[in-house]
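Residue numbers (this note's numbering): 44 to 118.
Here it is as C-alpha coordinates:
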(Lines of atoms letter the chains of each structure in order from A and count residues from 1; the text may use other names and numbers.)
(Lines give C-alpha, C1' and ligand atoms only; values in the text may rest on other atoms or scores of the structure.)
Protein backbone atom coordinates (compact mmCIF):
# COMPACT_ATOMS: atom_id res chain seq x y z
CA UNK A 1 0.00 0.00 0.00
CA UNK A 2 1.36 3.39 -0.99
CA UNK A 3 1.61 6.24 1.49
CA UNK A 4 1.32 8.87 -1.26
CA UNK A 5 -2.14 10.10 -0.14
CA UNK A 6 -0.77 10.58 3.40
CA UNK A 7 2.29 12.38 2.02
CA UNK A 8 0.10 14.64 -0.14
CA UNK A 9 -2.14 15.53 2.79
CA UNK A 10 0.90 16.27 4.94
CA UNK A 11 2.30 18.58 2.23
CA UNK A 12 -1.01 20.44 1.94
CA UNK A 13 -1.21 20.88 5.72
CA UNK A 14 2.35 22.24 5.88
CA UNK A 15 1.59 24.68 3.05
CA UNK A 16 -1.59 25.84 4.77
CA UNK A 17 0.29 26.39 8.04
CA UNK A 18 3.00 28.40 6.28
CA UNK A 19 0.39 30.47 4.42
CA UNK A 20 -1.43 31.32 7.64
CA UNK A 21 1.87 32.42 9.21
CA UNK A 22 2.53 35.06 6.50
CA UNK A 23 2.41 38.60 7.95
CA UNK A 24 0.27 40.14 5.20
CA UNK A 25 -2.41 38.88 2.83
CA UNK A 26 -0.87 37.60 -0.39
CA UNK A 27 -3.98 37.13 -2.52
CA UNK A 28 -5.06 39.98 -4.79
CA UNK A 29 -8.52 41.52 -4.52
CA UNK A 30 -9.46 40.33 -7.99
CA UNK A 31 -8.28 38.36 -10.98
CA UNK A 32 -7.17 34.80 -11.36
CA UNK A 33 -4.79 33.24 -8.82
CA UNK A 34 -3.99 29.64 -9.71
CA UNK A 35 -2.29 27.50 -7.09
CA UNK A 36 0.21 24.88 -8.25
CA UNK A 37 1.37 22.06 -6.01
CA UNK A 38 4.22 19.75 -7.01
CA UNK A 39 3.57 16.34 -5.46
CA UNK A 40 5.66 14.31 -7.90
CA UNK A 41 9.33 13.43 -7.79
CA UNK A 42 10.34 15.93 -10.50
CA UNK A 43 9.99 19.70 -10.50
CA UNK A 44 7.38 21.34 -12.72
CA UNK A 45 7.78 24.28 -15.07
CA UNK A 46 5.61 27.23 -14.13
CA UNK A 47 3.08 28.41 -16.72
CA UNK A 48 3.24 32.01 -18.03
CA UNK A 49 2.21 34.43 -15.28
CA UNK A 50 2.32 38.13 -14.44
CA UNK A 51 3.53 37.79 -10.86
CA UNK A 52 4.80 35.10 -8.53
CA UNK A 53 3.10 35.42 -5.16
CA UNK A 54 4.92 34.02 -2.11
CA UNK A 55 5.75 30.37 -2.57
CA UNK A 56 5.74 27.73 0.16
CA UNK A 57 9.36 26.91 -0.50
CA UNK A 58 12.15 28.08 -2.82
CA UNK A 59 12.10 27.53 -6.56
CA UNK A 60 14.97 25.59 -8.11
CA UNK A 61 17.87 27.52 -9.70
CA UNK A 62 16.17 26.83 -13.06
CA UNK A 63 12.94 28.47 -11.82
CA UNK A 64 10.92 25.27 -11.57
CA UNK A 65 8.70 24.25 -8.68
CA UNK A 66 10.45 21.47 -6.72
CA UNK A 67 8.81 18.42 -5.17
CA UNK A 68 6.52 19.05 -2.15
CA UNK A 69 6.20 22.78 -2.83
CA UNK A 70 3.22 24.99 -3.62
CA UNK A 71 3.03 28.40 -5.25
CA UNK A 72 0.34 30.92 -6.22
CA UNK A 73 0.58 32.90 -9.45
CA UNK A 74 -1.21 36.04 -10.49
CA UNK A 75 -2.38 35.37 -14.05
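Each residue gets a CB set at the ideal place from its N, CA and C atoms; glycine is no exception. Just so we're clear, the structure is a prediction, and the values are computed from it rather than from any experiment.
Counting other Cβ atoms within 10 Å of its Cβ, residue 95 stays below 16 and is therefore classed as exposed.
Of 47, 105, 97 and 88, the smallest CA-CA separation from residue 115 is found for 97. Between the beta-carbon of residue 54 and that of residue 82 there is about 6 Å, and that keeps the pair under the 8 Å contact cut. Nearest to residue 84 by C-alpha distance, out of 106, 101 and 112, is 112. Around residue 86, the same chain offers 103, 107, 108 and 109 as residues with beta carbons nearer than 6 Å, after the five sequence neighbours per side are excluded. Comparing alpha carbon positions, the residue from 63, 62, 118 and 64 closest to residue 89 is 118.
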